[in-house]
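Protein chains in written order, with this note's numbering: chain A, 6 to 544; chain B, 6 to 544.
All residues carry an ideal CB built from backbone N, CA and C; glycine is no exception.
Nothing here was measured: the structure is a model prediction, and the numbers come from that model.
One structure below.
Protein chains: 2
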Amino acid sequence: MTHFMNSKEDIVTEAIDGAITASGGALSRLDGYPHIRVVLRSDWDRSKVALVSGGGSGHEPAHAGFVGRGMLTAAICGDVFASPSVDAVLAGILAVTGPAGCLLIVKNYTGDRLNFGLAAERARAFGHKVSMVVVDDDIALPDLPQARGVAGTLFVHKIAGALAERGADLETVTARAERVIAGTSSIGMSLDTCTVPGSPKEHRIPAGMAELGLGIHGEAGVEQIAYLGAREAVAAMAEKLSRSMRDTPHVALLNNLGGASVLEMSVLATELVRSDIGGRIGQLIGPASLMTSLDMRGFSVSVLAAEADDLDLLAAPSAARAWPGCVALQPAVVVPLPNGLMPIKAMPSPHAATRDFLVTCCNIMIAAEHDLNALDAKSGDGDTGSTLAGAARALLGAMDQLPLADHTQLYRAIGQELSQTMGGSSGVLLAIFFAAAGDASSSGLPMREALCAGLDRMQQIGGATLGDRTMVDALKPALDALDKGLAAAAVAARTGANHTATLTKAGAGRASYINAEQLAGHVDPGAEAVARLFEHLAA
Amino acid sequence: MTHFMNSKEDIVTEAIDGAITASGGALSRLDGYPHIRVVLRSDWDRSKVALVSGGGSGHEPAHAGFVGRGMLTAAICGDVFASPSVDAVLAGILAVTGPAGCLLIVKNYTGDRLNFGLAAERARAFGHKVSMVVVDDDIALPDLPQARGVAGTLFVHKIAGALAERGADLETVTARAERVIAGTSSIGMSLDTCTVPGSPKEHRIPAGMAELGLGIHGEAGVEQIAYLGAREAVAAMAEKLSRSMRDTPHVALLNNLGGASVLEMSVLATELVRSDIGGRIGQLIGPASLMTSLDMRGFSVSVLAAEADDLDLLAAPSAARAWPGCVALQPAVVVPLPNGLMPIKAMPSPHAATRDFLVTCCNIMIAAEHDLNALDAKSGDGDTGSTLAGAARALLGAMDQLPLADHTQLYRAIGQELSQTMGGSSGVLLAIFFAAAGDASSSGLPMREALCAGLDRMQQIGGATLGDRTMVDALKPALDALDKGLAAAAVAARTGANHTATLTKAGAGRASYINAEQLAGHVDPGAEAVARLFEHLAA
């Protein structure tokens, strides 16, 4: 089984139940399972013209997703890709039709036309006013006298639905639906076929090809064309649509046939607006999954030469869950980049003692390069020493540019320098350490407390805690002991570093991907670097 | 190329442009292409706490789809499955942060944590108040100290976003975000891997298997399990989620990982509510594509032990396009079937002349069975004669049950009888013909006009016009000529029927799939049946 379902026989009723569940009470259904599957607006009072649509399932969210105030009153759901029965349609009509009558919106497939048509006759025999429109928006086969009904049906649902909601009578709603159908054209394209529940997948479209002019039931497209990319794909469709478009502003509907990712659909939206027909598109619906063909990796574009009163109805709010809205296209607003992306360079300032201290620290790191690399080779890629020594050399080179006389600025400047020269996670983490220490220093904390604040932030961001086999295992005890003097700090750092050799499970950082046997007996190179620093400073 | 894109390098910027286009002006972006890709609320005035989120692309609609009033203020977009740069994050923070400060909502991946973390430090150096929360909702690896951040992030976006929109301060919004994170658990399942733009697809999951406990970057799941169907799949996930759920009502979020069809997602919604944790789910978000993994054929379930004040914020309206809303679960309303589905049987009534006429008609059809079958074999499956003769025999058998004395009721009763006994399109079409004739008769039209009204309706529903090589080619001229008498009608019917032999392109019905050579020279069997009927009646 390649679908999230339980059985082919239950997929439609279970999906309807899911749609009703997800509606939070907005949708109901008729008590006609398994054969009569009709989804209804829960808030319907028969006071206005009812709109009934439907057809085979497999096109979700059509049609149950469009049931709601301002769109459909009821959706009749057949089996996957199969027309619902006359009885099911009749049940739907009878359940929702009041004195104002009912409009059936049918996609142009023989089964749907006949079954909805006969159900309409039966309903009329009960004295109901029922009219029916047939949507035939597909332009894939321009010579076909009976064009298919595809995603352009949504224009009819929305415009007729909003009109009915405003209280228009059946004749008015029907006439408007007919006008919308006459002004609508659609075409689809796909890179792969859909998989029908319970059936083997038909691998019909070779790699590198696309099908143009397909319907929504997995039927083959009119032609297979070389697929060169989104731009060319939209251009080929735009060319076909263009022939049936007027020179007036259109509403475009960009429909996901089910299996295209949201990322791709957004790229297609960009291409549609950029295409040759983009200039004639004033409003956009989607991109969204509206009238799908199961999981087909494809999309369709529908265009409607909408008149002003259509736009008003398209923009009207609807309670239907799957309606994505209709927006007016407008030039994208591009906001200038904010100031502050270029790092603020503090003014250099001399301070002999601080300079000496920093130079000493750097030299300690440079001297430890070989040992730290060797240690890192036991648990990583053997470059910890080189990374730290490289950063130390860069810091030595930048020494005269640093604000040595201003500790707050100095922390930040060191952080900036390290993030630019060290690279990788450790560079970012040390940059965070120094930047946060600078923050703390700027609010008046003394050195030890500022460094502790830096460590806290580094731990918060990096996620390492004591015992995770990182530099924190030496640095944290050292800073904690620093108020007792450098010697105490050095002892604490060494004790912490040595302890890492007994930790065989690393909790953070790259060593967490190494197994226990490889780690046992080796001190973490980051912790070792910290221990050496404190030991040399204390010496 | 298997994606709707132009190039791997441009896919993110082009998708952002598409999202901005589809927003109708609600979204803007920073002028930082190609490296700084930041989407902003167009209506932002910095008067409240700003919410910034983001990460790698490929998770659409996350995160740009959740930018809008009541959710995110800005989304920072990295390359597909790659963290955005520190500069990009910093640009976003600086662009939206005012005196109320900024909350960064980060999913727990090292790159995101470090880059957002360092950007936060830089922004603080400008005097901005910036806090950061890390979402780690994935329970796939319960022993992992650093759990991944997946779709549960949406709870944080929505609750913190609504709280900030109401004017809460940064500390309050941050604390609430932390509380929501602590109360959230998620797990995912997939039937197939995602396809990364520009990379070959990794076929890792064998047919019949599902991966449980996967992330949102195409990484392998914790385990592969036999896939037995939607119910068992949800049960396996519910069992894992159950361990981290409290005994209080939860909000569940049902997320499409990108490639599951809308039909399937609805089935999964049904199964989720039916599952062992269903009783603890009080509210539902989705099913919807919220935090995808490109086109992965999978889904995830997130649960939040929401407190009352969370529910209020979850239910608050949001302008973010991709937010599907949060609904309270309630028992499905099942409406009784309407009356009227059982056909109304008119009272039988005797009428000798009408009975004789109908018996004659039936016998004509029965006598023509062999000839009509032979004719149909030229262009169809050779059963037109048998279908009509079978219907005629059924009608003869039902003769004493018909309301022969009441023409209006008789039309309808014949239509009912034919729709039950004939089957197929022709049965439905003749049922429509007689039902519509009955309607016309009930409004006072005489026989010929009533039959013409029936024909009009049959043509409207069936779509056949004159010249389409159907029974209409004989029936329409016959009815038109009927006011000059039966003889004239018979001549017209025969002329029309014979003309169909010259029509080599059928416009409606099954013969439209037959090529011209096969049709040439053969009268349409439906038209022939009509001609024989009128000829025998006139004789």
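Cα-Cα separation between ALA445 (chain A) and LEU484 (chain A), rounded to whole angstroms: Taking the first sequence and counting its residues from 1, one reaches residue 445 (chain A) at position 440. Taking the first sequence and counting its residues from 1, one reaches residue 484 (chain A) at position 479. Roughly 15 Å separates the two Cα atoms.
Residues near GLU19 (chain A) in its chain [Cβ-Cβ closer than 8 Å; skip 5 each side]: Position 14 of the first sequence, counted from the start, is the residue given in the question as residue 19 (chain A). Within the same chain, GLU19 (chain A) has close Cβ partners MET10, ASN11.
Backbone secondary structure at VAL282 (chain B) - three-state DSSP: By 1-based counting over the second sequence, the position of residue 282 (chain B) is 277. A small correction: the amino acid at residue 282 (chain B) is Ile; Val does not occupy that position in the sequence shown. Correct three-state label for ILE282 (chain B): coil.
Cα-Cα separation, ALA67 (chain A) to ILE81 (chain A): What you label residue 67 (chain A) is simply residue 62 of the first sequence in a count that begins at 1. What you label residue 81 (chain A) is simply residue 76 of the first sequence in a count that begins at 1. ALA67 (chain A) and ILE81 (chain A): Cα-Cα distance of roughly 10 Å.
Residues near THR177 (chain A) in its chain [Cβ-Cβ closer than 6 Å; skip 5 each side]: Here the question's residue 177 (chain A) lines up with position 172 in the first sequence. If we look at THR177 (chain A) and ignore the five residues flanking it on each side, it has no Cβ neighbours.
At least 3 beta-carbon pairs within less than 8 Å: the segment 410-417 of chain B vs the segment 95-109 of chain A: no
Cβ pair ALA394 (chain A), GLU374 (chain A) closer than 8 Å: For the purposes of this step, residue 394 (chain A) is taken as residue 389 along the first sequence, with counting starting at 1. For the purposes of this step, residue 374 (chain A) is taken as residue 369 along the first sequence, with counting starting at 1. Yes, these two residues count as a Cβ contact at 8 Å.
Cross-chain neighbours of ILE437 (chain A) in chain C, by beta carbon under 7 Å: Absence of chain C from the displayed structure is noted, the protein chains being A and B.
Spatial distance of GLU422 (chain A) from LEU407 (chain A) (CA atoms): Position 417 of the first sequence, counting from 1, holds the residue named residue 422 (chain A). Position 402 of the first sequence, counting from 1, holds the residue named residue 407 (chain A). Distance between the alpha carbons of GLU422 (chain A) and LEU407 (chain A) is about 10 Å.
Alpha-carbon to alpha-carbon, ASN113 (chain A) and ALA516 (chain B): The sequence position of residue 516 (chain B) within the second sequence is 511, counting from 1. The sequence position of residue 113 (chain A) within the first sequence is 108, counting from 1. With a pLDDT of 49 at ALA516 (chain B), under the threshold of 50, the predicted position of this residue should be treated as unreliable, and no value is reported.
Minimum Cβ-Cβ distance from GLU65 (chain B) to chain A less than 8 Å: Walking along the second sequence from the start, residue 65 (chain B) turns up at place 60. So, interface residue.
Against chain A: residues of the segment 33-61 of chain B by CB proximity under 8 Å: SER33, ARG34, LEU35, ASP36, GLY37, ILE41, LEU45, SER47
DSSP three-state assignment for MET476 (chain A), whether helix, strand or coil: Numbered from 1 along the first sequence, position 471 holds the residue referred to as residue 476 (chain A). MET476 (chain A): coil per DSSP, three-state reduction.
Euclidean distance between Cα positions of GLY402 (chain B) and LEU377 (chain B): Taking the second sequence and counting its residues from 1, one reaches residue 402 (chain B) at position 397. Taking the second sequence and counting its residues from 1, one reaches residue 377 (chain B) at position 372. Cα to Cα, the separation comes out at about 22 Å.
8 Å Cβ cutoff met for ALA479 (chain A) and ALA532 (chain A): Along the first sequence, read from residue 1 onward, the residue named residue 479 (chain A) stands at position 474. Along the first sequence, read from residue 1 onward, the residue named residue 532 (chain A) stands at position 527. In contact: ALA479 (chain A) and ALA532 (chain A) (Cβ atoms closer than 8 Å).
Within 8 Å of chain B by C-beta, residues of the segment 419-448 of chain A in sequence order: GLY420, SER424, SER430, VAL433, LEU434, ALA436, ILE437, ALA440, ALA441, GLY443, ASP444
Cβ contact (3+ pairs, closer than 8 Å) linking the segment 276-291 of chain A and the segment 239-258 of chain A: yes
Classification of THR198 (chain B) by the beta-carbon crowding that lies within 10 angstroms, buried from 16 upward: The residue given as residue 198 (chain B) occupies position 193 in the second sequence. With 16 or more Cβ atoms within 10 Å of its Cβ, THR198 (chain B) is classed as buried.
Where LYS163 (chain B) falls, given that 16 or more other Cβ within 10 Å makes a residue buried: As a position in the second sequence, residue 163 (chain B) is number 158, starting the count at 1. Classification of LYS163 (chain B): buried, given that the 10 Å Cβ count is 16 or more.
CB contact below 8 Å: ILE466 (chain A) versus chain B: Counting from 1 along the first sequence, the entry for residue 466 (chain A) is found at position 461. It does: the Cβ of ILE466 (chain A) has a partner Cβ on chain B nearer than 8 Å.
contact_flag[the segment 23-40 of chain B, the segment 333-348 of chain A] where n(CB pairs < 8 Å) is 3 or more: yes
GLY218 (chain A) (DSSP reduced to helix, strand or coil): Walking along the first sequence from the start, residue 218 (chain A) turns up at place 213. Correct three-state label for GLY218 (chain A): coil.
Contact with chain A by VAL338 (chain B), beta-carbon distance below 8 Å: On the second sequence, residue 338 (chain B) is found 333 positions in, with the first residue counted as 1. Chain A contact via Cβ: present.
Neighbour-count burial assignment, ASN344 (chain B), 16 or more Cβ in a 10 Å radius: Counting from one through the second sequence, the residue named residue 344 (chain B) turns up at place 339. By the neighbour-count rule (16 or more Cβ atoms within 10 Å), ASN344 (chain B) is not buried but exposed.
Residues of its chain near HIS133 (chain B), where Cβ-Cβ distance is below 6 Å and the 5 sequence neighbours each way are ignored: For the purposes of this step, residue 133 (chain B) is taken as residue 128 along the second sequence, with counting starting at 1. THR102, listed in sequence order.
Stretch pair the segment 209-217 of chain B + the segment 257-275 of chain B: three plus CB contacts closer than 8 Å: no
Chain-ordered chain B contacts of GLU269 (chain A) [CB-CB under 7 Å]: Translated into positions along the first sequence, residue 269 (chain A) becomes position 264. Chain B residues near GLU269 (chain A): HIS8, PHE9, MET10.
Reduced DSSP secondary structure (H/G/I, E/B, other) of MET556 (chain B): What the structure shows of chain B is the stretch from 6 to 544, and residue 556 (chain B) is not part of that stretch, so it cannot be assessed.
Residue from A:ASN368, A:PRO451, A:LEU318, A:VAL94 whose Cα sits closest to the Cα of ALA169 (chain A): The residue given as residue 169 (chain A) occupies position 164 in the first sequence. Of the candidates A:ASN368, A:PRO451, A:LEU318, A:VAL94, the one whose C-alpha sits nearest the C-alpha of ALA169 (chain A) is A:LEU318.
Residue from B:ARG209, B:LEU299, B:SER431, B:SER354 whose Cα sits closest to the Cα of THR392 (chain B): For this step, residue 392 (chain B) is matched to residue 387 along the second sequence. It is B:SER431 whose Cα lies nearest to the Cα of THR392 (chain B).
Reference GLY526 (chain A); option with closest CA among A:ALA534, A:VAL535, A:PHE539, A:ALA506: Taking the first sequence and counting its residues from 1, the one referred to as residue 526 (chain A) is at position 521. Out of A:ALA534, A:VAL535, A:PHE539, A:ALA506, A:ALA506 has the C-alpha closest to the C-alpha of GLY526 (chain A).
Neighbour list for ARG118 (chain B) in chain A, Cβ cutoff strictly below 8 Å: Locating residue 118 (chain B) in the second sequence gives position 113, where the first residue counts as 1. Those are ILE466, GLY467, GLY468, listed as they occur along chain A.
Cut-off 8 Å between Cβ atoms - residues of its own chain near TYR232 (chain B), not counting five sequence neighbours on either side: One-based indexing of the second sequence puts residue 232 (chain B) at position 227. If we look at TYR232 (chain B) and ignore the five residues flanking it on each side, its Cβ neighbours are LEU196, GLY213, MET214, ALA215, ALA238.
Three-state secondary structure assigned by DSSP to SER294 (chain A): For the purposes of this step, residue 294 (chain A) is identified with residue 289 of the first sequence, where counting begins at 1. It is coil, neither helix nor strand.
Where the segment 289-308 of chain A meets chain B: residues whose CB sits under 8 Å from a CB there: LEU289, GLY291, PRO292, SER294, THR297, LEU299, ASP300, ARG302, PHE304
Inter-stretch contact at 8 Å, needing at least 3 Cβ pairs: the segment 120-140 of chain B / the segment 280-287 of chain B: no
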